[in-house]
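Asker:
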Amino acid sequence: MTQPLRPIMLVRPPNAIIYEESFWDELADAGIREVALQWLCLLDDQGPDAGNVYPQPEDTHPRAVASVGGQPVKRVPVAAYSPNPELYEGLDWAPPVMPDSVRSQQEELKAALRLAAEKGFRIYVMDDKGYFLHGSFGTGRLNPDAAKRTPSVTDPDGPAMTVARARDTIANFPEISGLMLDGPDFKWEIKPGHRDDMWAEPIDTEANRAFARSNDIDFETVLDGRSRFRDFLSSFTADSARSFIADQHGALADHAWWSLHPEFSPWYSFKQQAVEWSVSTSYTGVKSHLPDIAVGNSSRLPFSTTLTGSNLARKQRYTDFQMPKEYWWSEGVAGFRGTVVNWVDTLVEWNAELDEKLASELFSAMFDYPMPADYPVASYSEEATDEWFTTSVRDQTLKMLRDSGDAERFVPWVGLEHFGSNWLTPSELDRLLAEMKTSGAERYCYFVYNSLRPEYWDVIRKHSAG
2 MTQPLRPIML VRPPNAIIYE ESFWDELADA GIREVALQWL CLLDDQGPDA
52 GNVYPQPEDT HPRAVASVGG QPVKRVPVAA YSPNPELYEG LDWAPPVMPD
102 SVRSQQEELK AALRLAAEKG FRIYVMDDKG YFLHGSFGTG RLNPDAAKRT
152 PSVTDPDGPA MTVARARDTI ANFPEISGLM LDGPDFKWEI KPGHRDDMWA
202 EPIDTEANRA FARSNDIDFE TVLDGRSRFR DFLSSFTADS ARSFIADQHG
252 ALADHAWWSL HPEFSPWYSF KQQAVEWSVS TSYTGVKSHL PDIAVGNSSR
302 LPFSTTLTGS NLARKQRYTD FQMPKEYWWS EGVAGFRGTV VNWVDTLVEW
352 NAELDEKLAS ELFSAMFDYP MPADYPVASY SEEATDEWFT TSVRDQTLKM
402 LRDSGDAERF VPWVGLEHFG SNWLTPSELD RLLAEMKTSG AERYCYFVYN
452 SLRPEYWDVI RKHSAG
């Protein structure tokens, strides 16, 4: 029998899924002993027009539907506990307060986590991209003014609120033994109008300017570097593209390349320092109060870490485990196949002498991303070939494992879809998990239980059994 590959099973609202003992028994039967709560929140009934629909349209697991009475309902996500005001002294934001109307739900949640601990489960909670503006750990808006403040990676209230919420959360739910910090990331897409378009990202904030000044970075050169990069991507002829492919393979995925190019390096340096400051400050703050709590941090696939501001090798110093994203879906948000298509299409649009084939070769060379001949970019919305898994997926998986440190510190996300994208098929999930196992992975975080259909559950069980 081979080494099992076991997931941390991510659950998102309605968290009432976990109230039934059969939920925990089902996971234990599959060899799964770890669960993460994406949003540690309760769902409040504030009338038929208030809140969001739960379960969400893609979350069709029978447990999700049954937990809210058999059909979707509108509910408002609210804090799962009332805050300890002493933890928030000196912060600009007031933490959310749990309404009395959900107190019975809180008792059910506490009982569920006590049961999980008794059954030997390890419980994590996720700080969803530092969304402290919405209460951190998904617990509702802090106050009406919160949404008016442009989120900045360098906002000092970000790590401070994360630390305060972590302390408060663990005090209320002592069964939790790990935190997952989702990001932060800078943007990586070049398709105009895309939600992750790096040139549409609002980085010109006072917090970012102050951070740049404190690190002796002229912020105008940061903005200029971002503009120059767009000019660079728009300047290829067929000959210069072939020259880049021949002479600068892997350049844009190489942290050293950016540092050596003065037209781009201030932008690159700012992003790297900003993300490192945010994650390291959160980590050291949590550890100073909660030394036994394991803290992980997520990042995008290795090809994009120079763009997003993550440097996994450096982050080994201030994470207990790392969570790069094995997000391979297509025709949607944040999936790697969709990102490759967007880059190739945009390079063709911006450079008259490039066709899809040459633009694909250029992208492959830019980011040291091998592409098999039997699965061209034009086919990325179709079922992936076996060779794609043994070339492209293997390449990115081995790089993220290497940069995470070792298998014990490597807990990648595995997701099947996002915001209307094409789903990975059960066969693709099977081959992805097989490739991860071959590469040396032992654990991953599955996104997400609420949408888990039987054919995918069979694949997960197959690999968790060894």
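Residue numbers for the sequence shown follow the working numbering, beginning at 2 and rising by one. Even glycine gets a Cβ: it sits at the ideal position worked out from N, Cα and C.
1) CB G416 to CB S279, shorter than 8 Å?
2) From the DSSP output, in three-state form, read off Y89 for me.
3) Please report how far the alpha carbon of N216 lies from the alpha carbon of P377, in whole angstroms.
4) Identify which residue in P203, D30 and P84 has its Cα closest to the Cα of G121.
5) Which runs of the beta strand (DSSP E) fall wholly inside the segment 308-370 and span at least 3 residues, in chain order?
6) Give me the Cα-Cα distance between R403 and F411, rounded to the nearest whole angstrom.
7) According to DSSP, is V449 helix, strand or coil?
8) Below 8 Å between beta carbons: does that hold for W330 and N423?
9) Ignoring anything shorter than 4 residues, give me the alpha helix (DSSP H) runs that lie fully in the segment 56-129, in order along the chain.
10) What's the gap between the Cα of L41 and the Cα of E22?
11) Given a cut-off of 8 Å, decide if L180 and I294 are closer than it, judged by their beta-carbon atoms.
12) Could you pull the start and end residues of the beta strand (DSSP E) that S300 belongs to?
13) Which residues in the same chain as D169 place their Cβ atom closer than 6 Å to its Cβ, once the five residues preceding and following it in sequence are excluded?
14) Under the assumption that T163 contacts D128 (Cβ atoms under 8 Å), give the Cβ distance between them as a whole number of angstroms.
15) Which residues does DSSP list as the beta-bridge partners of L44?
16) Quick check on DSSP: helix, strand or coil for Y132?
17) Looking only at its chain, what residues have a beta carbon closer than 7 Å to the beta carbon of F337, apart from the 5 residues adjacent to it on each side?
18) Can you tell me whether DSSP reads A257 as helix, strand or coil?
19) Per DSSP, what kind of secondary structure is M181 in: helix, strand or coil?
20) In three-state DSSP terms, what is N519?
21) Count the other CB atoms within 10 Å of the CB of P49; is the residue buried (16 or more) or exposed (fewer)?
22) Could you give the C-beta distance for S299 and G184, rounded to a whole number, given that I count them as a contact under 8 Å?
23) Might you give, ordered along the chain, the residues of its own chain that have their beta carbon closer than 8 Å to the beta carbon of P8, omitting 5 neighbours on each side?
24) Would you mind working out which of T206, D240 and L453 sits nearest L224, comparing C-alpha positions?
Answerer: Judging by the given coordinates:
1) no
2) helix
3) 43 Å
4) D30
5) 322-328
6) 9 Å
7) coil
8) yes
9) 63-67 and 104-119
10) 19 Å
11) yes
12) A295 to S300
13) P84, N85 and L88
14) 6 Å
15) P78
16) In this predicted model, Y132 has a pLDDT of only 49, less than 50, meaning its place in the structure is not dependable; the value taken from the coordinates is given anyway. Note: Y132 maps to coil in three-state DSSP.
17) L302, Y328 and W329
18) helix
19) strand
20) The question about residue 519 has no answer, for the chain in this structure spans 2 to 467.
21) exposed
22) 6 Å
23) I33, E35, V415, R444, Y445, C446, Y447, I461 and S465
24) T206
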